[in-house]
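Asks: The following block contains the structure, expressed as structure tokens.
2 protein chains.
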Amino acid sequence: MAAPEIEHLIRLLTRLPGLGPRSARRLALHLMRHRAQLLDPLAAALTEAGRVLTECGTCGNIDTRNPCVVCTDPERDAGLICIVEDVADLWAMERSGAYRGCYHVLGGTLSALDGKGPEELKIPILVSRARESAREVVLATSATVAGQTTAHYITELLAKAQVTVTQIAHGVPVGGELDYLDDGTLMAAMKARHKV
Amino acid sequence: MAAPEIEHLIRLLTRLPGLGPRSARRLALHLMRHRAQLLDPLAAALTEAGRVLTECGTCGNIDTRNPCVVCTDPERDAGLICIVEDVADLWAMERSGAYRGCYHVLGGTLSALDGKGPEELKIPILVSRARESAREVVLATSATVAGQTTAHYITELLAKAQVTVTQIAHGVPVGGELDYLDDGTLMAAMKARHKV
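Written out as structure tokens, the structure is:
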């Protein structure tokens, strides 16, 4: 009943994560009501992103060039590879400013159900990369069962290579109150206690 | 730290209703991961919508032509004007299939706080339109205080014109259980009771 261009836009918006038909309609109207400030710039930004973005063949980051800006940065330690599940995790690590090495983005965790094996996570590439140039591999997969299983699998694979495998610490998050934490976190924190 | 094209896209997505920085980042990544199925079609649909869509000068509907497809439909009763707050409400009314007249989209309710007076809601245009060609004006603003105040204001204005003013019924929604309804709805339903 609305113009076909609107119906088409709403159908596409419904495919976005977390948007049902109702919120897609509301979003379409919001965009159309703010054409100059929102709809036109967003259309241009999406077109531009689709045109220039590519996946880095070395680490799996998303960037405008391949290899990406992280892999080609001469100031970064190429002997250090941090393994993350997702590009969002790479961004989070970069925001923290705590790390100045390179990355390997798995694109998920090992999962027979989702059909994600070592090949899909580009683990063979990671292993040959680690053998060739890495001094240390830092495991920074999520502290979930799937994340830790994947980390364990990678550790086993790298056991024969001349490379140190480390893992980021699990424990009480900074600013966290003990009372609000789950048992698993407290157990990990207690187990990893160290001398002060 | 991500490519400037991504940062720009995320900034724009943050301006969408209900999206914080975190969900905007996740949405941007989701779009970039599904480029062929989602990002490119969405960019094209937004560009197309921005190019063709316009507001109907008669009723305020959003369409590809002005006057819109509803106002120019010869099968519709031009003597019947239904007053709704928003284009989304017009769509809802059209989906129900219960109405075959024309519309007037206010674009909100009267509100001194939001700087919305009769001019902003195009009420003077509505009054002259009602005087010229309408037989009946149907009030279909929301059953809220703001919606009903606006409806009351329009009723007063049209009192001197040769036009019947009606209002859609308020009561128990079809499929609604009494136990779950608020007092206001039950009161309205009881007050509007009719002989069977």
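Here the protein sequences come in this chain order: F and E. The opening residue of the first sequence carries number 197 in my numbering; numbering runs sequentially from there. The opening residue of the second sequence carries number 197 in my numbering; numbering runs sequentially from there. We put the beta carbon where it would ideally sit given N, CA and C, even for glycine.
#1: Within 10 angstroms of its Cβ, does Gly343 (chain F) collect 16 or more other Cβ (buried), or is it exposed?
#2: To the nearest angstrom, report how far apart Ala305 (chain F) and Val359 (chain F) are at their CA atoms.
#3: Look at the alpha carbon of His390 (chain E) and the alpha carbon of Met383 (chain E), and state the distance between them as a whole number of angstroms.
#4: Does the beta carbon of Ala232 (chain F) come closer than 7 Å to any beta carbon on chain E?
#5: Apply the 10 Å Cβ neighbour rule to Thr362 (chain E) and answer buried if 16 or more other Cβ atoms are within range, or exposed otherwise.
#6: Enumerated in chain order, which unbroken segments of the alpha helix (DSSP H) with a length of 4 residues or greater are wholly contained in the segment 323 to 362 of chain E?
#7: Quick check on DSSP: helix, strand or coil for Gly380 (chain E)?
#8: 7 Å is my cut-off, CB to CB: does Asp273 (chain E) come that close to chain F?
#9: Runs of 3 residues minimum, wholly inside the segment 226 to 298 of chain E: which ones carry the beta strand (DSSP E) assignment?
#10: Roughly how many whole angstroms lie between the Cα atoms of Cys278 (chain F) and His300 (chain F)?
#11: Going by C-alpha to C-alpha distance, which of E:Leu354, E:Asp375 and E:Asp285 sits closest to Val333 (chain E)?
#12: Given that a residue counts as buried once 16 or more other Cβ atoms are within 10 Å of its Cβ, and exposed if not, what is Arg247 (chain F)?
#13: How far does the alpha helix (DSSP H) with Leu177 (chain E) in it reach, from first residue to last?
#14: Does the beta-carbon of Met386 (chain F) have 16 or more other beta-carbons within 10 angstroms, so that it is buried, or is it exposed?
#15: Just verifying my parser: in three-state terms, what is the DSSP assignment at Lys391 (chain E)?
#16: My understanding is that Gly367 (chain F) touches Ala388 (chain F), with C-beta atoms under 8 Å, so please give their C-beta distance in whole angstroms.
#17: Round the Cβ separation of Gly275 (chain E) and Pro263 (chain E) to the nearest angstrom and send it over; I've been treating them as touching at under 8 Å.
#18: Between the segment 320 to 338 of chain F and the segment 373 to 381 of chain F, can you find at least three pairs of beta-carbon atoms closer than 8 Å?
#19: Please decide whether Met228 (chain F) counts as near chain E, where near means a Cβ-Cβ distance under 7 Å.
#20: Does the beta carbon of Gly246 (chain E) come closer than 7 Å to any beta carbon on chain F?
#21: Should Ala199 (chain E) and Thr260 (chain F) be called a contact, given that it needs their Cβ atoms to be closer than 7 Å?
#22: Closer than 7 Å, Cβ to Cβ, to anything on chain F: give me those residues from the segment 204 to 219 of chain E, in chain order.
#23: Do you know how far the Cα of Glu352 (chain E) is from the Cα of Leu212 (chain F)?
#24: Short check: CB of Pro237 (chain F) to CB of Leu208 (chain E), under 7 Å?
#25: Let's test the definition: count the other Cβ atoms within 10 Å of the Cβ of Arg221 (chain F) and tell me whether it reaches 16, buried, or not, exposed.
#26: So with Cβ pairs under 7 Å, would you call Leu309 (chain F) a contact of chain E?
#27: Who pairs with Val301 (chain F) in a beta bridge, going by DSSP?
#28: Out of E:Leu205, E:Pro369, E:Leu317 and E:Ile258, which has the shortest C-alpha to C-alpha gap to Ile350 (chain E)?
#29: Classify Ala232 (chain F) as buried or exposed, calling it buried when 16 or more other Cβ atoms lie within 10 Å of its own Cβ.
Replies: Reading off the structure:
#1: buried
#2: Strictly speaking, residue 305 (chain F) in this sequence is Thr, with Ala absent from that position. For Thr305 (chain F) and Val359 (chain F), the distance between alpha carbons rounds to 22 Å.
#3: 14 Å
#4: no
#5: exposed
#6: 341 to 354
#7: helix
#8: no
#9: 273 to 280
#10: 6 Å
#11: E:Leu354
#12: exposed
#13: A query on residue 177 (chain E) cannot be resolved here, the shown segment of chain E reaching from 197 to 392 and no further.
#14: exposed
#15: coil
#16: 6 Å
#17: The pair is not a contact, with the Cβ atoms about 16 Å apart (cut-off 8 Å).
#18: no
#19: yes
#20: yes
#21: yes
#22: His204, Leu205, Leu208, Arg211, Leu212 and Pro213
#23: 45 Å
#24: yes
#25: buried
#26: no
#27: F:Val280
#28: E:Leu317
#29: exposed
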